[in-house]
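Structure record follows, encoded as structure tokens.
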Amino acid sequence: MLKVQFEKKLPNFNISVDFTVGKGMLGILGPSGSGKSMTLKSIAGLEKPHSGLIKTNECTLYDSENNIFLKPQNRNVGYVFQNYALMPHMNIIDNIKLGIKNNKRKNDINTLCSEYIERFKLNNLEKKYPWQLSGGQQQRVALARALITNPRILLLDEPFSALDHHLRLNMQKELKSILNSYDGYVLFVTHDIEEAYRICDNILVFENGLNFPVRSRNQLFDTPGNLTEATITGCKNISKATRISSHKIYAEDWHMELNVQSCEKDIAYVGIRAHYINPLSDNSMKELNTDLFLIENIIENPFDLTIYARQVNKENSAQITFFMPKNNLYFKIHEKIHLNFPKESLFVF
């Protein structure tokens, strides 16, 4: 297990982090300035917390009570920075060698480098310099340098943010393949919720220097535990809400009573993702969780439509967003439509 529990005071705010994870890929999500990168730097030993404990089952990296603070070079931590941090005056093979300790024999180093050149598809690029490589190739060099020492912890700080969409998808697939054989802890910082979902089994959300509990990606998307988790996972429709009974709530911003699967305690919000809202035929008002809406705007995307609607004759109701396949072009602005909110798709918190 990797335990990370520390506090660090910064000029603008304080960071107080506390989580424990097993081996595998942990996604870290949060807005800029929420403490994500500072957490990675503290694990790597590039920043020293004011108090706390950072340890694995095998090694204590930092312990303020026992005055333990291992230097970065003694932590066996691999780090891939957002800008890759490749040495511009060194060729590719020398950049990769930077990750290897000097106590290995030269022949062993050369053999190991050759293996990683092959593994990361960098053949025929050994003598080139970083500025001569594409973004994807630079990314593979940075990953090779981080993994060649077989680190106990691998830290990835938004490693794909500088890549275009197509290359980013390819690199995500390559990363998953590369890490299939890696038996360590991976912490992957990203702003992209879809990227986190594709790559990581578990996700940790940060806000204002604090973290929420580690959750599986399915738990996080299906049942967000708070407003931050719902918002950061892309939920378009969130309303303040109050509990009426164990299976009924009132959505204040939507002016609707809604049946839900379960509501056993007081709540503050209800949410539903845009792709779960269903348009129904005109004679379907008797359906549970259905109301009449007016379409206010339609945005055509490459593969679907984003439709914005607001309830008819309900003053100050919040706008609703829902998605429809692109073949449903019969929707028109200012058209009235019945929308259904399936109770199994509503989440409350």
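Residues in the sequence shown are numbered from 323 upward in steps of one, following the numbering used here.
Glycine included, each C-beta is placed from N, C-alpha and C at the ideal position.
- Rounded to whole angstroms, the gap between the alpha carbons of proline 353 and phenylalanine 528 is 8 Å.
- The Cβ atoms of leucine 469 and glycine 367 do not sit closer than 7 Å to each other.
- Sequence-distant partners of lysine 363 (beyond 5 residues in either direction) whose C-beta falls short of 6 Å from its own C-beta, in its chain, are Glu369.
- The C-alpha of serine 338 is placed about 20 Å away from the C-alpha of threonine 512.
- Shown here for leucine 420: same chain residues with a beta carbon closer than 8 Å to its own, the five before and five after excluded, namely Met409, Met412 and Arg467 in chain order.
- The three-state secondary structure of leucine 549, taken from DSSP, is helix.
- Around the beta carbon of proline 371, 16 or more other beta carbons lie within 10 angstroms, which makes this residue buried.
- Within the same chain, and ignoring the five residues on either side of lysine 393 in sequence, the residues whose Cβ sits closer than 7 Å to its Cβ are Gly367.
- In this structure alanine 596 does not touch asparagine 635 by the C-beta definition: roughly 23 Å separates them, more than the 8 Å allowed.
- Under the rule that a run must span 3 or more residues, the beta strand (DSSP E) segments found entirely inside the stretch 550-634 read 559-567, 570-573, 578-581, 591-594, 600-602, 612-622 and 626-633.
- Excluding five sequence positions before and after aspartate 385, the CB atoms of its chain that fall closer than 6 Å to its own CB belong to Leu375, given in chain order.
- Contact annotation: the stretch 615-623 does not touch the stretch 566-574, with fewer than three C-beta pairs closer than 8 Å.
- If you look at methionine 493, you'll find it in the alpha helix (DSSP H) that goes 487-501.
- In this model, phenylalanine 543 and alanine 552 are separated by some 8 Å (Cα to Cα).
- Under the DSSP assignment, threonine 361 falls in the alpha helix (DSSP H) whose first and last residues are 358-366.
- Beta bridge pairing from DSSP links aspartate 479 with Val511.
- The continuous stretches of beta strand (DSSP E) do not include isoleucine 418, which lies in the alpha helix (DSSP H) extending over residues 414-419.
- Taking the C-beta atoms as reference points, alanine 563 is found no nearer than 7 Å to isoleucine 599.
- Annotated as distal: lysine 665 and glutamine 541, with beta-carbon spacing of 7 Å or more.
- Under the DSSP assignment, aspartate 385 falls in the beta strand (DSSP E) whose first and last residues are 382-385.
- Between methionine 646 and valine 508, the C-beta spacing is not below 7 Å.
- Burial is judged here by how many other beta carbons sit within 10 angstroms of a residue's own beta carbon; lysine 358 has at least 16 and is buried.
- Residues of the same chain with a CB within less than 7 Å of the CB of aspartate 626, apart from the 5 flanking positions on each side, are Phe645, Met646, Pro647 and Lys648 in chain order.
- Cβ-Cβ distances below 6 Å link tyrosine 451 to Asn413 in the same chain, with the five nearest sequence neighbours on each side left out; the list follows chain order.
- For valine 399, the uninterrupted beta strand (DSSP E) segment begins and ends at 399-402.
- In this structure, DSSP gives isoleucine 431 a helical state, which the three-state scheme calls helix.
- Around leucine 485, the same chain offers Gly457, Gly458, Gln461 and Met493 as residues with beta carbons nearer than 8 Å, after the five sequence neighbours per side are excluded.
- The closest CA to that of glutamate 448, considering only Arg632, Ile418 and Met578, is found on Ile418.
- With a threshold of 16 other beta carbon atoms within 10 Å, aspartate 505 falls short and is exposed.
- Around the beta carbon of tyrosine 652, fewer than 16 other beta carbons sit within 10 angstroms, so the residue counts as exposed.
- Under the three-state reduction of DSSP, lysine 665 is assigned to helix.
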